[in-house]
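**Student:**
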Amino acid sequence: MKLPDEIRERFRRYGRAGGRARRASTARWLRHRFGSASFEALGFPGGDLVDAGLAELADGKTTEASLLVSLAATRLRREGVPVGAVHEEPEDTLFQLLTKTSGDLAHARYGAYLRQMSSFADACRRVRLDRK
Numbered sequence: 002m003k004l005p006d007e008i009r010e011r012f013r014r015y016g017r018a019g020g021r022a023r024r025a026s027t028a029r030w031l032r033h034r035f036g037s038a039s040f041e042a043l044g045f046p047g048g049d050l051v052d053a054g055l056a057e058l059a060d061g062k063t064t065e066a067s068l069l070v071s072l073a074a075t076r077l078r079r080e081g082v083p084v085g086a087v088h089e090e091p092e093d094t095l096f097q098l099l100t101k102t103s104g105d106l107a108h109a110r111y112g113a114y115l116r117q118m119s120s121f122a123d124a125c126r127r128v129r130l131d132r133k
């Protein structure tokens, strides 16, 4: 997908400025692309996780949400979500983090997160196709 030159220039400029500027740039892009500043406000399944994950990625934090967005980055980008730099090996890191926090339920939570990201990407796709 080709972004308008004005938006690409903003991403370049704000990308150098740090997390807060990247979050603001992402919110403007979401408003332009989807009509709202957050996915949670749109009611997308998992929108709260994606909003948190994008913000935490912009801040350079390693959390469940940022790892989940990193894991699904390719599909999210294809559906128009502005995902910047991602964590390396997010699958293993996310599973290790879930094992620490959830113990024996880590596998079930991992699978649930993957299904939620798939539902989220499907919702983005429907919006993208409806806007054409």
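Numbering of the sequence shown is given in the working numbering, commencing with residue 2 and proceeding in unit increments. A virtual CB, placed ideally from N, CA and C, is assigned to each residue, including glycine.
Can you have a look at Leu106 and say buried or exposed, based on whether 16 or more other CB atoms are within 10 angstroms of its CB?
**Tutor:** Position 105 of the sequence shown, counted from the start, is the residue given in the question as residue 106. Flag for Leu106 reads exposed.
**Student:** By alpha-carbon positions, which one of Val82, Tyr114, Ala74 ends up nearest to Arg29?
**Tutor:** In the sequence shown, the residue the question calls residue 29 occupies position 28. For Arg29, the nearest C-alpha among the options comes from Val82.
**Student:** State yes or no: is the C-beta of Ala66 within less than 8 angstroms of the C-beta of Gly48?
**Tutor:** In the sequence shown, the residue the question calls residue 66 occupies position 65. In the sequence shown, the residue the question calls residue 48 occupies position 47. No, these two residues do not count as a Cβ contact at 8 angstroms.
**Student:** Which residue comes first and which comes last in the alpha helix (DSSP H) that contains Thr64?
**Tutor:** Reading the sequence shown from its first residue, position 63 is the one you call residue 64. That residue, Thr64, is in no alpha helix (DSSP H); it is neither H nor E in DSSP.
**Student:** Roughly how many whole angstroms lie between the Cα atoms of Phe40 and Arg76?
**Tutor:** Counted from its first residue, the sequence shown places residue 40 at position 39. Counted from its first residue, the sequence shown places residue 76 at position 75. The straight-line gap from Cα to Cα measures roughly 16 angstroms.
**Student:** What did DSSP end up calling Val84 once you bin it into helix, strand or coil?
**Tutor:** For this step, residue 84 is matched to residue 83 along the sequence shown. Val84 falls in the coil class under three-state DSSP.
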